[in-house]
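K.L.:
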Amino acid sequence: MRKYYQFAFTILMILGLLASCSQDEKKYRIGVSQCSDDIWRDKQNSELQIGAYFHDNVELRFAAAYDSDERQIQQIDSLVATGIDLLIVAPNQVSTISPAIDRAYDKGIPVIVFERKTNTKKYTAYMGADNYEMGHLMGEYVASRLNERGRIIEVMGLKGSSPAIERHNGFREAIAQHPGIQVVATLQGDWTEPTAYNTVKQWLDKNKDSGKIDLVFGMNDRTAMGARKAFEEAGGALPLFCGIDGLPGENGGIKLVLDSLLDASYIYPTHGDQLIQLAVDILEGRPYEKETNLMSALVTQDNARVLLMESEEIMRQSHRLEQLNEKASQYQNQLGNQRTLIFVALAAIFLLLALLVGIYMYYLQRARIQDERMQMEREQLDFYTQVSHELRTPLTLIQGPLDQLLRTNDFRDASDNARELFSIVRRNTHHLTALVNKMLDAQVGIHNPKMSSAEVDAITVSQPIAVPAEVPEQDEDAPTVLIVDDNADIRAYLRSILQSKYSVLEAEDGRRGLELAREHVPDLIVSDVMMPVMNGLEFCQQVKKDVVSSHIPVILLTARALEKHQIEGYESGADAYITKPFSPELLLARIDNLLQSRHQLKDLWGMKPATETVAAPAAVVVAPAPAPIEDAFIARFKKIVEERLPDSNLSVEDLAAGMGLSRVQLYRKVKALTGSTPVDLLRKARLAKAQTLLQTSTLSVSEIAYQVGFASPSYFTKCYKDEFGTAPGEARKS
Ligand code: FRU
1 MRKYYQFAFT ILMILGLLAS CSQDEKKYRI GVSQCSDDIW RDKQNSELQI
51 GAYFHDNVEL RFAAAYDSDE RQIQQIDSLV ATGIDLLIVA PNQVSTISPA
101 IDRAYDKGIP VIVFERKTNT KKYTAYMGAD NYEMGHLMGE YVASRLNERG
151 RIIEVMGLKG SSPAIERHNG FREAIAQHPG IQVVATLQGD WTEPTAYNTV
201 KQWLDKNKDS GKIDLVFGMN DRTAMGARKA FEEAGGALPL FCGIDGLPGE
251 NGGIKLVLDS LLDASYIYPT HGDQLIQLAV DILEGRPYEK ETNLMSALVT
301 QDNARVLLME SEEIMRQSHR LEQLNEKASQ YQNQLGNQRT LIFVALAAIF
351 LLLALLVGIY MYYLQRARIQ DERMQMEREQ LDFYTQVSHE LRTPLTLIQG
401 PLDQLLRTND FRDASDNARE LFSIVRRNTH HLTALVNKML DAQVGIHNPK
451 MSSAEVDAIT VSQPIAVPAE VPEQDEDAPT VLIVDDNADI RAYLRSILQS
501 KYSVLEAEDG RRGLELAREH VPDLIVSDVM MPVMNGLEFC QQVKKDVVSS
551 HIPVILLTAR ALEKHQIEGY ESGADAYITK PFSPELLLAR IDNLLQSRHQ
601 LKDLWGMKPA TETVAAPAAV VVAPAPAPIE DAFIARFKKI VEERLPDSNL
651 SVEDLAAGMG LSRVQLYRKV KALTGSTPVD LLRKARLAKA QTLLQTSTLS
701 VSEIAYQVGF ASPSYFTKCY KDEFGTAPGE ARKS
């Protein structure tokens, strides 16, 4: 049982594991380390996220360092520690962040450096726009915008960051080609608007009389706008302002150009989705470009409107994409929940089934144990029954003959001493019988109410050692008793008890008993139960089934004293059940009683007989109702008799043949059931019919005599007179 539950539990665990596995496929964890947090980074992060939506198995982990080297180093290290599969990093400054990136790379984590550079080659791929080119193009634009003449200020990005360095180099190289353009000041910023504002304000404060400034180049749009704010505060004619980034949206560079707050900007591409694709290609081992240069374009008054419209459209689309993704993830969540629910339901059903099977198995096991126990009890009981049978039979054969001996004349003359010795033997035989009974009672734990040891004692021990009268001679018409027992001594003993009153037949087993019962149709059968070939119960059933013998009372005489054995006996159709050792008086009384009570049907033709021919049964005996098999027999017999009544040659043989029996069988059966012989009954039937005809017809007495099967009217008249006490003519008159 315990093994079964262990098995069920294991199955459940496997199911659980399978369910969790199916939900938890391998995910790529990509760490994104941003140097700053601003609208350019926001745009890129959301593009990264949208890019990730296209890959079910990508999970992004963002970190922003807010322009702090220390913070970015720490963030890279902790991203690596959480077990990312790939690192995307925009290093704040070239030299400071490189060691942290190298550490990640050395751990075998692929690294994509984007937009800003490091000073080592320890990265898997680089993606970004060409900042030198960007600075150079801006220099060319400025020169042409100012018609090769003018004074300008350059406000730099964060010192040490690669875009600041490269943009500066490109810008200055382009400007150097235009001698009419003079760079009045190169101020240090850090990509933020407040720093640009402060630096420019300080410069303006210090250089109030430096003369007119025609253009300020801020290295990004925020820097350009910070400078513009400082100039606006200082008052006077405003120079032109140029920046870089050219972001879409309300505060983006494109709108600023369109609103003429900036003169020009340069689109600094974010391309987050492209970055994710590159990362997945690397992770999945597909070929990829080690260096990707992102293309870009200048934003001026001429193209700002178109670019803004386009970028707004793109933003709208990505917004929709995001909504779609939200929906998709909602569905995915629902799906996940449903899957969990299904699993829980399946697990519950499985548990329930397992429980039911368990309960079923438990009951099976219990029933098996119960069966085994009952089987053992049965075997034990059979053993004790057998043993007691073995003991009871010799006990019967000691006790019975001894009792009989004590009643004979020989014993009357015995000495006192001999009588005393016999008395001791007799007492101890009874005592032994009582012990056998007790042993059996104790074994089954029941008290047999019919024949307990106490009762056996009462019946047997209390018998006085009296000398009985002489055994009378048996008369010719004595009823026949068939004894069926495999023990020859028992048969001999029974014969010795019965032969004075009955004609005795003997059979050594049930089969032989049946043969004798059919052949002789005895008046009563006394049978043992435990016998070879055919036991007493089956024998009894067969007797009761056969129409020839069904009416014969059967007494089962057996050592099987238990109540359940007696019930078995009665169920097989037995009329009485007497346990061994038995008292001869009890047996004789029971036989007598059964023979007395059997003549149930005496007046088949409803006649008032003149004289009683059969002895009336003892007043105390209540005749049992005839069994259906006897009813049917009698009904058939009456029918055949009535049909063939007019035939004066009708013999008992004819009647027997009509009933499918031998003459003896019919005679014995009819005699047993009615107390009359078939010939008597035939005569009575004829006379009854004649009586009816005398009273209801105008036929003459002679005619009636012939009609009811009398060969001569004078014999009819004689018989009629014998039966009814009056002559047939008299009956007609009355
Ligand atoms: C955003 C930003 C941009 C600039 C770039 C340089 O964080 O400051 O404005 O163009 O970084 O790396």
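Under the working numbering, the first residue of the sequence shown is numbered 1, with each subsequent residue one higher. Using N, Cα and C, we set each Cβ at its ideal position, and we do this for glycine too. Just so it is clear, the structure is predicted and the values come from calculations on it, not from any experiment.
What are the partner residues of Val58, as DSSP defines its beta bridges?
P.N.:
Tyr28
K.L.:
With C-beta atoms as the reference, is Gly218 less than 9 Å away from Gly189?
P.N.:
When the beta-carbon positions are compared, Gly218 and Gly189 come within less than 9 Å of each other.
K.L.:
Is the region 528–545 close to the region 475–492, with three or more CB pairs under 8 Å?
P.N.:
yes
K.L.:
For a quick check, are the C-beta atoms of Leu524 and Ile497 less than 9 Å apart?
P.N.:
In this structure, Leu524 sits away from Ile497, with a CB-CB distance that is not shorter than 9 Å.
K.L.:
Enumerate in chain order the residues of its own chain whose CB-to-CB distance from Lys201 is below 6 Å, with the five nearest sequence positions on each side excluded.
P.N.:
Ala230
K.L.:
Check each candidate in Asp410, Gly725 and Glu284 and name the one with the smallest Cα separation from Lys27.
P.N.:
Closest by alpha carbon: Glu284.
K.L.:
So, helix, strand or coil for Thr120, using DSSP?
P.N.:
Of the three classes helix, strand and coil, the one that applies to Thr120 here is coil, per DSSP.
K.L.:
Answer yes or no: do Val641 and Leu681 have a C-beta to C-beta separation smaller than 9 Å?
P.N.:
yes
K.L.:
Look at Asp56 and Ile97 and say whether their C-beta atoms are less than 9 Å apart.
P.N.:
no
K.L.:
Helix, strand or coil: how does DSSP classify Ala280 here?
P.N.:
Residue identity check: residue 280 is Val in the sequence provided, not Ala. The answer is helix: DSSP assigns Val280 an H, G or I state.
K.L.:
My understanding is that Gln177 touches Arg151, with C-beta atoms under 8 Å, so please give their C-beta distance in whole angstroms.
P.N.:
In fact, because the Cβ distance is near 17 Å, the residues do not count as touching under 8 Å.
K.L.:
Taking the Cβ atom as the reference point for each residue, do Ala125 and Leu278 lie within a distance shorter than 9 Å?
P.N.:
yes
K.L.:
Short of 8 Å in beta carbon distance, which residues of its chain neighbour Ile175, apart from the five on each side in sequence? Order them along the chain.
P.N.:
Gly139, Val142, Ala143, Ile152, Ile181 and Val183
K.L.:
Do you know offhand how far Ala65's Cα is from Arg222's?
P.N.:
18 Å
K.L.:
Please classify Arg378 as buried or exposed, where buried requires at least 16 neighbouring CB atoms within 10 angstroms.
P.N.:
exposed
K.L.:
Check whether the Cβ atoms of Glu723 and Leu687 sit closer than 9 Å, and answer yes or no.
P.N.:
yes
K.L.:
Starting from Cys242, follow the alpha helix (DSSP H) in both directions and report where the run begins and ends.
P.N.:
Run containing Cys242: none in the alpha helix (DSSP H); it sits in the beta strand (DSSP E), Leu240 to Cys242.
K.L.:
Is Gln34 helix, strand or coil when you go by DSSP?
P.N.:
strand
K.L.:
Could you check the C-alpha separation between Gln539 and Ala576 for me, to the nearest Å?
P.N.:
The residue asked about is misnamed: residue 539 is Phe in this sequence, not Gln. Computed Cα separation, rounded: 14 Å.
K.L.:
Taking the alpha-carbon positions, what's the Arg630 to Val436 distance?
P.N.:
One detail in the question is off: residue 630 reads as Glu in this sequence, not Arg. Distance between the alpha carbons of Glu630 and Val436 is about 41 Å.
K.L.:
Could you tell me whether the region 243–262 touches the region 100–113, where touching means 3 or more Cβ pairs closer than 8 Å?
P.N.:
no
K.L.:
Taking 8 Å as the line, does the beta carbon of Cys242 fall inside it for any heavy atom of the ligand FRU?
P.N.:
no
K.L.:
Excluding the five sequence neighbours on either side, which residues of its own chain have a C-beta within less than 6 Å of the C-beta of Lys544, listed in chain order?
P.N.:
Ser550 and Gly573
K.L.:
Quick check on DSSP: helix, strand or coil for Gly139?
P.N.:
helix
K.L.:
So, with DSSP's three-state summary, where would you put Val299?
P.N.:
strand
K.L.:
So what's Met156 in DSSP terms, helix, strand or just coil?
P.N.:
coil
K.L.:
Measuring straight from C-alpha to C-alpha, what distance separates Asp403 and Val664?
P.N.:
38 Å
K.L.:
Should Pro163 be listed as close to the ligand FRU, given that the test is whether its C-beta is under 8 Å from any heavy atom?
P.N.:
yes
K.L.:
Could you give the first and the last residue of the continuous alpha helix (DSSP H) run that contains Ile73?
P.N.:
Asp69 to Ala81
K.L.:
With a threshold of 8 Å (Cβ to nearest heavy atom), would Tyr268 be considered close to the ligand FRU?
P.N.:
yes
K.L.:
Excluding the 5 residues preceding and the 5 following Asp214 in the sequence, name in chain order all residues of the same chain whose CB lies nearer than 7 Å to its CB.
P.N.:
Leu146, Gly150, Arg151, Ile152, Pro239 and Leu240
K.L.:
Could you tell me the alpha carbon to alpha carbon distance between Gln301 and Glu232, rounded to whole angstroms?
P.N.:
21 Å
K.L.:
Give me the DSSP bridge partner(s) of Ala64.
P.N.:
Per DSSP, Gln34.
K.L.:
Do Leu158 and Asp42 have their CB atoms nearer than 9 Å?
P.N.:
no
K.L.:
Please say whether Gln34 and Ala90 have beta carbons closer to each other than 9 Å?
P.N.:
yes
K.L.:
Within 8 Å, do at least three Cβ pairs link the region 262–273 to the region 289–309?
P.N.:
Segments in contact, yes.
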